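Input: a single structure, listed below in structure tokens.
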Amino acid sequence: MSKLELPQSLWAATAAPAPQTSPLDRDIAVDVAIVGAGYAGLSTALHFATVGRTVQVVEAGDIGWGASGRSGGQVIPGIKYDPDDLIKMFGQDAGKRAAANFGSTAAKVFELIDRYKIECDDTRSGWAQPAHSKVAEAAARNRCRQWLALGADVTELDRDQMAELLGTDVYHGGWIDRRGGGVQPLSYTRGLARAALQEGAAIATHTRATSLNRDGANWSIKTDRGPAVTAANVIVCTNAYSKSLWPKLEQTAIAANSFQVATKPLSPNLDRLILKDNVVASDTRRLLAYFRRDRDGRFIMGGRGTFAEPTTAAEFRHVERMLARSYPMLADQPIEFRWGGRVAITPDFLPHLHTPEDGLLFVLGCQGRGVALQSKMGEWVRDYIVSGDPQKLPLPVTDISPIPFHALRRLYVAATLSYYKIADVVR
16 MSKLELPQSL WAATAAPAPQ TSPLDRDIAV DVAIVGAGYA GLSTALHFAT VGRTVQVVEA
76 GDIGWGASGR SGGQVIPGIK YDPDDLIKMF GQDAGKRAAA NFGSTAAKVF ELIDRYKIEC
136 DDTRSGWAQP AHSKVAEAAA RNRCRQWLAL GADVTELDRD QMAELLGTDV YHGGWIDRRG
196 GGVQPLSYTR GLARAALQEG AAIATHTRAT SLNRDGANWS IKTDRGPAVT AANVIVCTNA
256 YSKSLWPKLE QTAIAANSFQ VATKPLSPNL DRLILKDNVV ASDTRRLLAY FRRDRDGRFI
316 MGGRGTFAEP TTAAEFRHVE RMLARSYPML ADQPIEFRWG GRVAITPDFL PHLHTPEDGL
376 LFVLGCQGRG VALQSKMGEW VRDYIVSGDP QKLPLPVTDI SPIPFHALRR LYVAATLSYY
436 KIADVVR
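Quick note: the sequence shown uses our numbering, first residue 16, plus one each step.
What follows is the structure in structure tokens.
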């Protein structure tokens, strides 16, 4: 049995304490079993528990060990596609419904924080998307107008307004979505776990699910600890850390790394200038830079990294160069923390929901929107399973469809990253 403890990061160093949990020590039968104690798994557990279902979560490591405890903590409503794109993809009615659903995700985060008094250094000043080029600015403004037409609290920003908001003049205009904000992601994940426990769910940490098998009308989850969990419904929320629980599941997405660095706390004069009101931001590059501050005034920069797990400071140099490019005045700031984690990228950039057999549901694919998207996903999944109505889900359930030549994914990711670097320069 491996001991998956939280890797070193800014979030691990500054998070609120985790609730008390322990490994699974006996066989258990419940209504709903959930694999993965990240945003999706814990939100799903919480929402099922609030309607009286018995719930058992099994997690291979600590709570938030995967992407949820390592993310940028940006609470961004929506998904990668604009409302008009969703209408083209799914038709007028379904597309509008999808846009409305995805537009509500950030509000769910703040609702849960308020209801369960989760201490996670949350900020609610919005998410800004600055444009790296004039072409990108036009697209960003168009995106803003589409959300505005749906009643969202959004505003276009010209170059001067964006510079005033961000504290850097390297970007063109763009827009701000005031529905968004930020959280300390590990503190928020631990808060979701505490809320789920409060509502009656059970969470077993350092308990790896090793297989899923039919057990009559139910499912049985075997674990590396020995005890098993039996349930009528199983929801697997392992995202980019999915490993061989179900045939070909891991081959449906690319597990790319996202790297982050954090400076030491900025001096008061810099702190006042940069990211007014603690707004969070991510730019329009295909290999986007996402950035924010933490509660102590550190500046955090994140971006995509190599496929391999980072082991040395040198592997974060490209993120430090991104920091210097976006904020030249911070180029000489000492870096205090460096860390990385995997994100699941689906070929169509949509979240995927798979039900290969009755009573079994797989949820994966965040594309960098996991905090808000997966917090709301827990409610959608509960409503779908309780009602049996597929319309309760934001998107249709799809078949598990492996990416062709997935075994070559390292080359695919490397080639894509190289292409995007060139495209970001010329557009």
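Just so it is clear, CB atoms sit at the ideal spot from N, CA and C, and this is done for glycine as well.
Please read all numbers here as calculations on a predicted model, not as lab measurements.
Helix, strand or coil at residue i according to DSSP, with G and I counted as helix
i: Gln35; result: coil
i: His333; result: helix
i: Ile191; result: strand
i: Gly385; result: helix
i: Phe364; result: coil
i: Gln266; result: helix
i: Gly106; result: coil
i: Tyr256; result: helix
i: Pro145; result: strand
i: Glu351; result: strand
i: Phe420; result: Note that Phe420 scores a pLDDT of 49, beneath 50, so its modelled location is shaky and nothing firm can be said.
i: Val412; result: coil
i: Leu346; result: Residue identity check: residue 346 is Ala in the sequence provided, not Leu. Reduced to three states, the DSSP call for Ala346 is coil.
i: Thr138; result: strand
i: Ile133; result: coil
i: Ser433; result: With a pLDDT of only 48 at Ser433, under 50, the local geometry of the prediction cannot be trusted, and the value read off the model is given with reservation. DSSP places Ser433 in helix when its eight states are reduced to three.
i: Gly356; result: strand
i: Thr326; result: coil
i: Lys391; result: helix
One or two residues paired with residue i in a DSSP bridge
i: Asp230; result: Asn233
i: Leu375; result: Val249
i: Val244; result: Ile43, Ile236
i: Ala224; result: Thr238
Nearest-angstrom beta carbon gap, residue j and residue i [assumed within contact, 8 Å]
i: Tyr342; j: Gly87; result: The pair is not a contact, with the Cβ atoms about 16 Å apart (cut-off 8 Å).
i: Val276; j: Phe331; result: 5 Å
i: Leu207; j: Leu61; result: 6 Å
i: Ala64; j: Ala216; result: 4 Å
i: Gly182; j: Leu288; result: 4 Å
i: Ala115; j: Phe105; result: With a Cβ gap of about 12 Å, Ala115 and Phe105 do not count as contacting.
i: Gly51; j: Thr253; result: 5 Å
i: Ser83; j: Gly53; result: 3 Å
i: Gly79; j: Thr138; result: With a Cβ gap of about 19 Å, Gly79 and Thr138 do not count as contacting.
i: Val72; j: Arg397; result: With a Cβ gap of about 14 Å, Val72 and Arg397 do not count as contacting.
i: Ala268; j: Gly374; result: With a Cβ gap of about 23 Å, Ala268 and Gly374 do not count as contacting.
i: Ala48; j: Ala246; result: 4 Å
i: Tyr186; j: Ala146; result: 6 Å
i: Val169; j: Arg130; result: With 8 Å as the limit, Val169 and Arg130 do not qualify as a contact, their Cβ atoms being about 25 Å apart.
i: Asn248; j: Asp46; result: 7 Å
i: Pro242; j: Asp77; result: No, Pro242 and Asp77 are not in contact; Cβ-Cβ is about 19 Å, not under 8 Å.
i: Gln144; j: Asp298; result: 7 Å
Proximity test, residue i beta-carbon vs the ligand ZN heavy atom, cut-off 7 Å
i: Ser259; result: This structure does not include the ligand ZN; it has no bound ligands of any sort.
Within-8 Å CB hit, residue i to chain C
i: Gln71; result: The structure shown contains no chain C, having only a single protein chain.
Unbroken beta strand (DSSP E) runs of length 3 or more, entirely within the stretch 18 to 99: which are they? Runs of the beta strand (DSSP E) lying entirely within the stretch 18 to 99, each at least 3 residues long, are 43 to 50, 70 to 73 in chain order.
Could you check whether the stretch 209 to 227 touches the stretch 38 to 55, counting it as contact only if at least three pairs of C-beta atoms, one from each stretch, sit closer than 8 Å? The count of Cβ pairs closer than 8 Å, one atom from the stretch 209 to 227 and one from the stretch 38 to 55, reaches three, so the stretches are in contact.
Flag this pair as touching only if the stretch 152 to 160 and the stretch 309 to 322 have three or more C-beta atom pairs under 8 Å; answer yes or no. No, the stretch 152 to 160 is not in contact with the stretch 309 to 322.
Would the stretch 20 to 33 count as touching the stretch 191 to 211 if we require 3 or more Cβ pairs under 8 Å? The stretch 20 to 33 makes contact with the stretch 191 to 211: 3 or more CB pairs, one atom from each, lie closer than 8 Å.
Entirely within the stretch 162 to 222 and at least 4 residues each: give me those alpha helix (DSSP H) ranges in chain order. Secondary structure within the stretch 162 to 222: the alpha helix (DSSP H) runs of 4 or more consecutive residues, fully enclosed, are 174 to 181, 200 to 213 (chain order).
Kindly confirm or deny that the stretch 263 to 280 and the stretch 103 to 122 touch, where touching means at least three C-beta pairs closer than 8 Å. The stretch 263 to 280 makes no contact with the stretch 103 to 122: fewer than 3 CB pairs, one atom from each, lie closer than 8 Å.
Suppose only complete runs of 3+ residues qualify. What are the beta strand (DSSP E) ranges in the stretch 269 to 318, listed by chain order? You should have 269 to 278, 295 to 297, 305 to 308.
Flag this pair as touching only if the stretch 380 to 391 and the stretch 49 to 61 have three or more C-beta atom pairs under 8 Å; answer yes or no. Pairwise C-beta distances place the stretch 380 to 391 in contact with the stretch 49 to 61, as three or more of them are shorter than 8 Å.
Contact between the stretch 306 to 313 and the stretch 371 to 387 is defined here as three or more beta-carbon pairs at a separation below 8 Å; is this criterion met? Contact between the stretch 306 to 313 and the stretch 371 to 387 is absent: fewer than three C-beta pairs spanning the two stretches fall below 8 Å.
Counting pairs of Cβ atoms below 8 Å between the stretch 91 to 105 and the stretch 360 to 369, do you hit three or more? These segments touch.
Given 8 Å as the limit, is there contact between the stretch 369 to 381 and the stretch 408 to 418, that is, 3 or more CB pairs closer than that? Under the Cβ criterion (8 Å, minimum of three pairs), the stretch 369 to 381 counts as touching the stretch 408 to 418.
Between the stretch 121 to 130 and the stretch 144 to 152, do three or more beta carbon pairs fall short of 8 Å? Judged by Cβ distances under 8 Å, the stretch 121 to 130 makes no contact with the stretch 144 to 152, as fewer than three pairs qualify.
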